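Read through the structure below, which is laid out as C-alpha cells, and then see the notes.
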Amino acid sequence: MKKIIVLPILLIMILTLGACGTSTQSSSGNNGGTTSNNSNSNKDKLKDSYAVGETAKYKDVEMTVTKVNKSNGTEYDKPKDGMEFVIVTVKIKNNSSKNLAYNPFYFKMKNSKGQIEDGTFSMVNQDTALKSGELAQGGEVEGTVIFEEPVGDNALMLQYQDNVFIDNAKLQFKIS
1217 MKKIIVLPIL LIMILTLGAC GTSTQSSSGN NGGTTSNNSN SNKDKLKDSY
1267 AVGETAKYKD VEMTVTKVNK SNGTEYDKPK DGMEFVIVTV KIKNNSSKNL
1317 AYNPFYFKMK NSKGQIEDGT FSMVNQDTAL KSGELAQGGE VEGTVIFEEP
1367 VGDNALMLQY QDNVFIDNAK LQFKIS
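Residues in the sequence shown are numbered consecutively from 1217, following our numbering.
Structure representation (C-alpha cells):
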C-alpha cells in the first residue's frame, strides 16, 4: 500500500523539479548592480555554518532553519533499523527583484560518516513538507524537509545549494 502511494508522489515531484528548475532566476544575474549597494558584498560572505534559528543571508536570499524534530516514524512508515527521521523546518525569503525558485531537492544532509544524502520520502511530514515553486519579490515560504539518518548522530549538517550559488557556495546549518 505504501509503495502505491509513494510512487505517484515521487513521479509528481520529479516532474515538478524539472519544470521549476528551468525557471530559476538568480538575483545575482544583474551585473550592472543598479539595485545593489556596498552592503551586498557583506551579504555574499558566508560563514562555514549557521545554527538553528540563525538567518543566513546570501545574494538577496534569507534562509533560516527554524526547528529540528526527530521521529521513529509511524506504524506504516518507519525508518530502517538504526536510523531515524530528521525533520528540518526551513524558512526562505526572497529579497531580490526577480523570482526565486525553491525546491526540497536543493537540500542535502551530511552525517558524521561523511555521507551527503538527499532527502527521503515519508508520510511523517506530509502536512508540512516543503513543496517546489517560486517566490516573487518579498515572498517567503516555510516547510519541512526530511532525511533518514543514523540514530543520535551529533554531527548532522543540512546543506542547501541551487543555481543561485553559481560560484559553488552553499549554505550549511548545524542540525545537532
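Heads up, the beta-carbon is just placed ideally off N, CA and C, and yes, glycines get one too. In this text the structure is predicted, and so the values were computed from the model without any measurement.
The beta carbon of D1378 sits closer than 6 Å to the beta carbons of Y1322 from its chain, once the five residues preceding and following it are set aside; these are given in chain order.
Apart from sequence neighbours up to five positions away, the residues of its chain that approach S1392 with a beta-carbon distance below 6 Å are N1370 and L1372, ordered along the chain. For G1359, the uninterrupted beta strand (DSSP E) run begins and ends at E1356 to P1366, by DSSP. CA-CA distance, G1298 to E1350, rounds to 36 Å.
Close CB contacts of T1282 within its chain, under the 8 Å cut and outside five residues either way in sequence, are with V1268, G1269, T1305, V1306, K1307 and E1358 (chain order). For N1310, the enclosing beta strand (DSSP E) starts and ends at M1299 to N1310. The closest CA to that of V1367, considering only N1311, M1339 and E1300, is found on E1300. Between D1276 and S1312, the gap from beta carbon to beta carbon is short of 8 Å. Membership of D1334 in the beta strand (DSSP E) is indicated by the continuous run I1332 to D1334. The straight-line gap separating the alpha-carbon atoms of S1287 and P1320 is approximately 19 Å. A Cβ-Cβ separation of about 11 Å leaves G1354 out of contact with N1315 under the 8 Å criterion.
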